[in-house]
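Following: one structure in structure tokens, then a few remarks.
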Amino acid sequence: MPPAPLLRVCQLGVHLLGEGGKILPVLLDVSFQIQPGEILGLLGESGCGKTTLALALLGLLPPGRFRIDGSVQLRGRELLSLPESRLEPIRGAQISLVFQDPLAALNPVLRVQTQLQEAAGQSGIAAAELCAMVDLPSSPRILKAYAHQLSGGERQRVVLALALARRPALVVADEPFTALDAPRVVELARLFMRLAEKLGTAFLVVSHSPGVLAGIASRVLVMYGGRLVEWGPADAVLAKPLDPYTVALLASVGLAAIAGEPPGLAARARGCPFEPRCPDRLEPCAARMPAECMPEERHYVRCFKYGG
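In this text, residue positions in the sequence shown follow my numbering: the first is 49, and each later residue adds one.
Have a look at this one:
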């Protein structure tokens, strides 16, 4: 029997509560699982809902501005129904988040050593040990530095060390490779793989770069317009994509731009969100969202070309 999922997300929906009673969908019917020690990739353009999903998993969306439906279970425990007082101890200890901008995530008036010590809390892990865990020298230059005195790659590793300080089972990394040059991207990608193998930590890596996810993720989810449109083994999804959006997204890496613009929030409840830009659109595409189907083993897609 396969192991029980570490994280199980079922029919997650996130709606923005706008002015005048307007309710705008941001995420719709998002379902997936993460196994212990797995690196799962989440791929999509900017604005498709990737960061909203990351924040929703940790209960970090303001309740007065968002309505959240569905289920998020960590080790079988439902998170969405927990009050803040019971959810806060879970953050960092069981599930943690690496924010997209490490400079904004770090405290500008505290030295690195102080922030690492505070994050470790009662775990007993020393700041030098956390630095070693993320391949960062535990030298006075690093430990005594403020965030602005570090390079982008060093800041990203400090933020990762903070996320790992209490040895969580799952780390959600939101665009961790943004603003890094190619050699630093390769180094950080390899670090994620070593941490998953050595610590047994699972990672949800959010990215708009299919090349990076191809090298580290075992499975990939593709998101567009707040929905998952394709998912499966990384080699299948990225080498032989099925959904027209995934095909266009991978082609855009070679500078073949996708015609049109992503849908706004008001358009996300009608039909397939990619229909206005899709060269393969069919008659039912504008009327309703296709159901998921599995044209190939463990390779799922939401597209009328394959049934749905």
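C-beta atoms are modelled at their ideal positions from N, C-alpha and C, and glycine is treated no differently. These numbers come from a predicted model, not from an experiment.
Alpha-carbon to alpha-carbon, L101 and R115:
Taking the sequence shown and counting its residues from 1, one reaches residue 115 at position 67. Taking the sequence shown and counting its residues from 1, one reaches residue 101 at position 53. The alpha-carbon atoms of R115 and L101 are separated by roughly 13 angstroms.
With DSSP as the reference, identify every bridge partner of P185, one or two as the case may be.
For this step, residue 185 is matched to residue 137 along the sequence shown. Bridge partners of P185: none, in fact.
At least three beta-carbon pairs within less than 8 angstroms, the segment 89–105 to the segment 271–279
yes
Per DSSP, cross-strand counterpart(s) of I306:
Position 258 of the sequence shown, counted from the start, is the residue given in the question as residue 306. BP columns for I306 are empty, so no partner.
Would you kindly report the start and end of the unbroken alpha helix (DSSP H) that includes R242?
Sequence index remark: in the sequence shown, residue 242 carries index 194 (1-based). Note, R242: alpha helix (DSSP H), 230–247.
Beta-carbon proximity of D222 to V254, cut-off 8 angstroms
Within the sequence shown, residue 222 is the residue found at index 174, counting from 1. Within the sequence shown, residue 254 is the residue found at index 206, counting from 1. Yes; because the gap between Cβ atoms is below 8 angstroms, this pair is in contact.
CB-CB length for C58 against S119, believed under 8 angstroms:
Along the sequence shown, one-based indexing puts residue 58 at 10. Along the sequence shown, one-based indexing puts residue 119 at 71. With a Cβ gap of about 4 angstroms, C58 and S119 count as contacting.
By how many angstroms is the C-alpha of V220 removed from the C-alpha of E309?
Taking the sequence shown and counting its residues from 1, one reaches residue 309 at position 261. Taking the sequence shown and counting its residues from 1, one reaches residue 220 at position 172. Cα to Cα, E309 sits roughly 27 angstroms from V220.
How is S79 classed by DSSP in three states: helix, strand or coil?
Here residue 79 is taken as the residue at index 31 of the sequence shown, counted from 1. Strand, per DSSP.
CA-CA distance, A296 and R159?
Along the sequence shown, one-based indexing puts residue 296 at 248. Along the sequence shown, one-based indexing puts residue 159 at 111. The alpha-carbon atoms of A296 and R159 are separated by roughly 44 angstroms.
Would you call the segment 236–246 in contact with the segment 62–75, where contact means no fewer than 3 C-beta pairs closer than 8 angstroms?
Using a Cβ-Cβ distance cut-off of 8 angstroms, the segment 236–246 and the segment 62–75 are not in contact, since fewer than three pairs of beta carbons, one from each stretch, lie closer than that value.
Distance, Cα to Cα, Q81 vs D291?
In the sequence shown, counting from the first residue as 1, residue 81 sits at position 33. In the sequence shown, counting from the first residue as 1, residue 291 sits at position 243. Straight-line measurement puts the Cα of D291 at about 20 angstroms from the Cα of Q81.
Counting C-beta neighbours from all protein chains within 10 Å, is the total for S144 16 or more, i.e. buried, or is it exposed?
By 1-based counting over the sequence shown, the position of residue 144 is 96. The residue is buried, with at least 16 neighbouring Cβ atoms inside 10 Å.
So, are the CB atoms of L269 and L60 less than 8 angstroms apart?
For the purposes of this step, residue 269 is taken as the residue at position 221 of the sequence shown. For the purposes of this step, residue 60 is taken as the residue at position 12 of the sequence shown. Against a cut-off of 8 angstroms, the Cβ pair of L60 and L269 comes out as no contact.
From G313 to Q170, what does the alpha carbon distance come to, in whole angstroms?
Residue numbering aside, residue 313 sits at position 265 when the sequence shown is read from its first letter. Residue numbering aside, residue 170 sits at position 122 when the sequence shown is read from its first letter. For the sequence presented, residue 313 should be read as Leu rather than Gly. Roughly 43 angstroms separates the two Cα atoms.
If you check the beta carbons only, do V260 and V233 fall under 8 angstroms apart?
Locating residue 260 in the sequence shown gives position 212, counting from the first residue. Locating residue 233 in the sequence shown gives position 185, counting from the first residue. Yes.
Is it buried or exposed for E202, if we count other Cβ within 10 angstroms and need 16 for buried?
For the purposes of this step, residue 202 is taken as residue 154 along the sequence shown, with counting starting at 1. Result: buried.
Boundaries (first-last residue) of the alpha helix (DSSP H) holding E132
As a working note, residue 132 is residue 84 in the sequence shown. Per DSSP, E132 is one residue of the alpha helix (DSSP H) stretching across 132–135.
Does DSSP put Y194 in a helix, a strand or coil?
By one-based count along the sequence shown, residue 194 stands at place 146. Here Y194 sits in coil by DSSP.
Below 6 angstroms CB to CB, which residues in the same chain sit around Q161 once its five sequence neighbours on both sides are set aside?
Locating residue 161 in the sequence shown gives position 113, counting from the first residue. For Q161, where only same-chain residues beyond five positions count, the Cβ hits under 6 angstroms are A175, L191.
If I measure Cβ to Cβ from R350 and keep anything under 8 angstroms in the same chain, skipping five residues before and after, which residues do I get?
Residue numbering aside, residue 350 sits at position 302 when the sequence shown is read from its first letter. Answer for R350: R275, L276, V277, E278, D291, C320, M337, P338, A339, E340, C341, G356, listed in chain order.
State the DSSP-derived secondary structure class of L261, mapped to helix, strand or coil.
Numbered from 1 along the sequence shown, position 213 holds the residue referred to as residue 261. Reduced to three states, the DSSP call for L261 is helix.
Name the one or two DSSP bridge partners that A221 has.
Taking the sequence shown and counting its residues from 1, the one referred to as residue 221 is at position 173. Its beta-bridge partners are V146, V253.
Buried or exposed: which applies to Q148, given that a residue is buried once 16 or more other Cβ atoms fall within 10 Å of its Cβ?
If you number the sequence shown from 1, residue 148 lands on position 100. Burial call: buried.
Identity of the residues DSSP links to Y348 by a beta bridge:
Locating residue 348 in the sequence shown gives position 300, counting from the first residue. Paired residues: W279.
Buried or exposed, going by whether 16 or more other CB atoms sit within 10 Å of the CB of Q197?
In the sequence shown, counting from the first residue as 1, residue 197 sits at position 149. It is exposed - the Cβ of Q197 has fewer than 16 other Cβ atoms within 10 Å.
Test item: CB-CB of L228 and A209 under 8 angstroms
The residue given as residue 228 occupies position 180 in the sequence shown. The residue given as residue 209 occupies position 161 in the sequence shown. No, Cβ-Cβ distance for L228 and A209 is not below 8 angstroms.
Can you say whether P185 is buried or exposed, counting buried as having 16 or more other CB atoms within 10 angstroms of its CB?
Numbered from its first residue, the sequence shown carries residue 185 at position 137. Result: exposed.
G85, enclosing beta strand (DSSP E) - first and last residue
Position 37 of the sequence shown holds residue 85. It is not in any beta strand (DSSP E) - G85 carries neither H nor E in the DSSP assignment.
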